[in-house]
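A short write-up of the structure that comes next.
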Amino acid sequence: MDPSEYDLAYFHRAGFHRRTCVVCHAAFWTLGAHDRCQEAPCRDYGFLGHPGFARPYDPDGLREAFLGFFEARGHTRIRRYPTVARWRNDVFFTQASIYDFQPWVTSGAIPPPANPLVISQPVVRFIDIEEVGRSGRHMTLFEMMAHHAFNRPDHEVYFKERTTELCHEFLTTTLGADPTGITYKEEEWEGGGNLGPSLSVGLLGLELATLVFMEYLRDGTTLRPMPLTVVDTGYGLERFVWMSRGTKTAYEACFGRPYEDLRATFSAREAAILVDHARALNYLLTDGVVPSNSKEGYFARLLIRRAVRILQTRPEAPTLNVVLDEVARDIARVAPEVGAHRDDLHRVVEAEVERFGEAIARARVIIRRTEERAQASGEPVTEEDLLAWYDSLGVPPEIAVEELRHAPKIPEDFYARVAARHEGERPVNEYTDKGAELPTPPEDTPATQAEYYLDPYTVAFDAHVVWASGPFVALDRTYFYPTSGGQVHDLGQLGDQDVVDVERKGRWILHRLDGVAQVAPGDRVHGRIDAARRTQLMQHHTATHLMNGALRELLGPHVWQAGAYKGPDLARIDITHYRPLSREELRAVVQRVNAIVREDRPVKSYFEPRTEAERRFGFTLYQGGAVPGKDLRIVEIEGFDVEACGGTHCTHTSEVGAIDVLDVERIQDGVVRLSYVSGGRALDVREQQQEVLRESARRLGVGVDQLPSGVDRLLAELEESRKSAKQRLKGDLGAEAVRLLDDPSATESAGGVTLTHQTGALAREELMELSRLLTKGPDRVAVLASERDGRGLLFVGSTAERVRADLVLRHAAPAFSGKGGGNPAAATAVGEPGAPLAEALKAALEAARRAATA
RNA sequence: GGGCACGUAGAUCAGCGGAAGAUCGCUGCUUUCGCAAAGCAGAGGUCGGGGGUUCAAAUCCCCCCGUGUCCA
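Per the numbering used here, the first sequence runs over residues 1 to 854.
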């Protein structure tokens, strides 16, 4: 980055000078006489025991000082955003305050909620989870205080000069930091294709804040100025509090009572991990994360398990829920929503803690067995076993060692080696833009007006063609719904041609016809939509919102829509939930949605500015995931459910008709899928199912209500006849065995061994059974031949030690080009088609006699 | 989203190319006034499902389904 980027008039005016750090060689600006930047590791912490601010603050006080300072200087205070970034599909968590405004605000698509603004945003970062409690300052969740300004070419709010000045004023006047102690280090910042200069603010060894100026777009190797420049600052609340108190660690400075209470029982590191994880969990669970083995749920699981493992080391320790509640009390002062719905949160945590217990119990058994087996074979349990157990059973190495009598040492680089086991795995980004395969109309083509938003009932309309290419047609306006938001597209006709697909592409909606489009730009065409299909799609879509609302209402606010599909034949909703739905819960949900249907509540669809909608309804709006655009389309089922949604909906709940749930399944850990039908489709499905029932009952010769008992009877009969067939075969073979043993031409005695042979047409399994019957006692040998489908089969069974069945077979097999093998007790071979089976039998008998008399 | 482990009798599991097993539980008999216990006998299996390789598959390969777990 060009040094002139940092050459601020403010620095010169205020008397700063530019120096180079003797340690890290970075340039920095200061009022003091430092030869190095005031950040670790270039210098030690100088504030431990000697606070760097005029007075100590607690987190509430410091946050208020910051927000108040910027409010007094023209900034608007903004409430925190959720820690789960549901308005984005590229990340799980809000990892910086600027995430709140990406991508729509920073790209210039929509105006910021205020400009300039100030916020204190809880952000989640899992990179440093191992450092928590170790470094004294790392946390999985911390509050990033920030002031942001968004500058358009025609309206600059403020940029580098004012930002730096405000920061310095806040530090030196409000907090009373020594002006000469602060250094502003020059750093280049880059992220998400944007970059720009940034200043890192150091004081007494601690990096307190970063001031980022997003200014350029990276375009290959060249830089282009951004149309919108952004002031992106980040002030670490916890670090400020720490600086103001000068305690040994940031944890004791920030967590107060809960931390102190835990210190009575736990080490400093353990207490730090507990309060940190408890705070992160309170936010994550409140914001709708359900612990699971994938996606964002995994992080919640990780936090819970790490915390539980520490708590379980002390018998007198409180439960995790108690720790969560104590930490939540402090959070609730600034984020009241974290204090609400504690019961639901407790249930989620309890279920997860229980599962962890089960996983560990299961693992202990396996560990013990492995060790017993290892001892039996004389081989020790190795480090590799520890790694494998952790990876596939989830057993922390400490617990494994506890369980073992002779344990290997836990390798220093244990977790690095776990990571190494996963090297080479490439997460595949499944996200493919379906629109990429579609052609793009030229830039100057007028955009398509989507009329279905305002009027979902119109199914015939006239419009003008604005573009046509091959089978694709774009109109100036259309009532055809394109596949989006989980709702599949409409069908119908455009002019004389059938519409087979409708997709959105940029600003246009493309109708795909069943052949090359017979229209040209400027033509007026008549569109007709398959009304029955559209009605069904609307019913399924509104039914889906009803399901979502009822599930959240009855199961708890931890339920979020994790995916949905609304087709003409079936609708599905996937929800986050920590256990399978019980029959009672399902029944309650079905009753509830059908009750709302009968109440005939109005369903209102309307557009509202994004920020305004988020303020009125909260972020539960984003049930369907990230929704693009400046204005959100809100679908509101009066007094029941509100979601941001672009779909076509009924205007009253009664239009949905009956809702029947067809199937409930757990599609993955923490996600339950419900499949259902409504409207006319529900009637069809019911009719079909009743027909199936009637027909089944008719074939069984019972009434519909007697189907279950009728089926039971049938199954019992089947079982009975299967058994008797088996018995009969056994009986037949038994009789045959007795006959053979009595028949001198079939049974002979050789060297004290009873040798029986037979030639027939039995299947392999039958030969086996017959042999078994013939060799019931000791010193018996059976040589059985069978011809089936033109191929010879030879079976040798033996209970005589001297006569090895496999050796006998090996002698006999060449006689009929047989392939096979076996063990000393039993052996079998199949010959080539047409090869002389009799010869093989003869050879086998000879070999058996020889062996018996040897 | 990716990797790994696991799915065998009612339960817990062994077997890991050659004739489906153990322990507990269950049924019956013996012994006992009865119970517990012991002994004897017995019932109970599409070896998760479907393909493939092989003379032969619970066992090897592929694809599903289910469970657990680690990583992003």
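Glycine is no exception: its CB is placed at the ideal position from the N, C-alpha and C atoms.
Only a predicted model underlies this, so the values are computations on that prediction, with no experimental measurement involved.
Under the rule that 16 or more other beta-carbon atoms within 10 Å means buried, what is residue i, buried or exposed?
{"i": "Arg369", "result": "exposed"}
{"i": "Asn89", "result": "exposed"}
{"i": "Glu695", "result": "exposed"}
{"i": "Tyr606", "result": "exposed"}
{"i": "Leu199", "result": "buried"}
{"i": "Asp276", "result": "buried"}
{"i": "Cys167", "result": "buried"}
{"i": "Cys24", "result": "exposed"}
{"i": "Asp569", "result": "exposed"}
{"i": "Ala854", "result": "exposed"}
{"i": "His406", "result": "exposed"}
{"i": "His422", "result": "exposed"}
{"i": "Arg534", "result": "buried"}
When the Cα atoms are used, what is the spatial distance from residue i to residue j?
{"i": "Phe299", "j": "Ser654", "result": "41 Å"}
{"i": "Tyr283", "j": "His346", "result": "13 Å"}
{"i": "Lys409", "j": "Val308", "result": "24 Å"}
{"i": "Ala588", "j": "Leu554", "result": "8 Å"}
{"i": "Ile360", "j": "Ala272", "result": "24 Å"}
{"i": "Ala840", "j": "Glu384", "result": "52 Å"}
{"i": "Arg918", "j": "Ala697", "result": "Nothing about residue 918 can be reported from this structure: the residues present for the chain run from 1 to 854 only."}
{"i": "Ile667", "j": "Gly297", "result": "14 Å"}
{"i": "Gly74", "j": "Gly68", "result": "10 Å"}
{"i": "Arg699", "j": "His545", "result": "40 Å"}
{"i": "Gly790", "j": "Ser721", "result": "31 Å"}
{"i": "Pro41", "j": "Leu203", "result": "12 Å"}
{"i": "Ala33", "j": "Cys21", "result": "11 Å"}
{"i": "Cys37", "j": "Ala374", "result": "57 Å"}
{"i": "Pro609", "j": "Arg633", "result": "9 Å"}
{"i": "Glu402", "j": "Tyr415", "result": "18 Å"}
{"i": "Asp232", "j": "Asp344", "result": "36 Å"}
{"i": "Gly792", "j": "Ser745", "result": "21 Å"}
{"i": "Arg306", "j": "Phe356", "result": "10 Å"}
{"i": "Tyr622", "j": "Pro82", "result": "11 Å"}
{"i": "Ala761", "j": "Ala785", "result": "8 Å"}
{"i": "Glu130", "j": "Ala419", "result": "13 Å"}
{"i": "Asp743", "j": "Glu766", "result": "20 Å"}
{"i": "Leu262", "j": "Tyr251", "result": "12 Å"}
Are the CB atoms of residue j and residue i within a distance shorter than 8 Å?
{"i": "Arg673", "j": "Asp574", "result": "yes"}
{"i": "Asn548", "j": "Gln539", "result": "no"}
{"i": "Lys295", "j": "Phe92", "result": "yes"}
{"i": "Ala468", "j": "Ala517", "result": "yes"}
{"i": "Ala146", "j": "Gly234", "result": "yes"}
{"i": "Met1", "j": "Pro197", "result": "yes"}
{"i": "Ser244", "j": "Pro56", "result": "yes"}
{"i": "Thr648", "j": "Tyr390", "result": "no"}
{"i": "Tyr578", "j": "Pro291", "result": "yes"}
{"i": "Arg13", "j": "Leu141", "result": "no"}
{"i": "Leu117", "j": "His148", "result": "yes"}
{"i": "Ala852", "j": "Arg772", "result": "no"}
{"i": "Ala847", "j": "Pro824", "result": "no"}
{"i": "Leu393", "j": "Ala351", "result": "no"}
Residues bridged to residue i by DSSP?
{"i": "Lys248", "result": "Paired residue(s): none; Lys248 is not in a bridge."}
{"i": "Thr747", "result": "Thr756"}
{"i": "Gln493", "result": "Asp498 and Arg528"}
{"i": "Glu636", "result": "Lys604 and Val642"}
{"i": "His406", "result": "His406 is not bridged to any residue."}
{"i": "Phe92", "result": "In DSSP, Phe92 forms no bridge with anything."}
Assuming residue i contacts residue j under a Cβ cut-off of 8 Å, what Cβ separation, rounded to an integer in Å, is found between them?
{"i": "Arg601", "j": "Phe640", "result": "6 Å"}
{"i": "Phe472", "j": "Leu510", "result": "5 Å"}
{"i": "Thr483", "j": "Glu451", "result": "Actually they do not touch by this definition, with Cβ atoms about 17 Å apart."}
{"i": "Gly866", "j": "Gly485", "result": "Because the chain here runs from 1 to 854, residue 866 falls outside it and cannot be looked at."}
{"i": "Cys650", "j": "Val590", "result": "At roughly 19 Å, the Cβ-Cβ gap does not stay under 8 Å, so Cys650 and Val590 are not in contact."}
{"i": "Asp663", "j": "Val685", "result": "Not a contact, Cβ separation roughly 11 Å."}
{"i": "Ala335", "j": "Thr265", "result": "Not really, about 27 Å apart at Cβ, beyond 8 Å."}
{"i": "Gly818", "j": "Gly831", "result": "4 Å"}
Is residue i near the ligand GTP, in the sense that its beta carbon is under 7 Å from a heavy atom of that ligand?
{"i": "Glu352", "result": "As presented, the structure is devoid of all ligands, the ligand GTP included, so that no description of it is given."}
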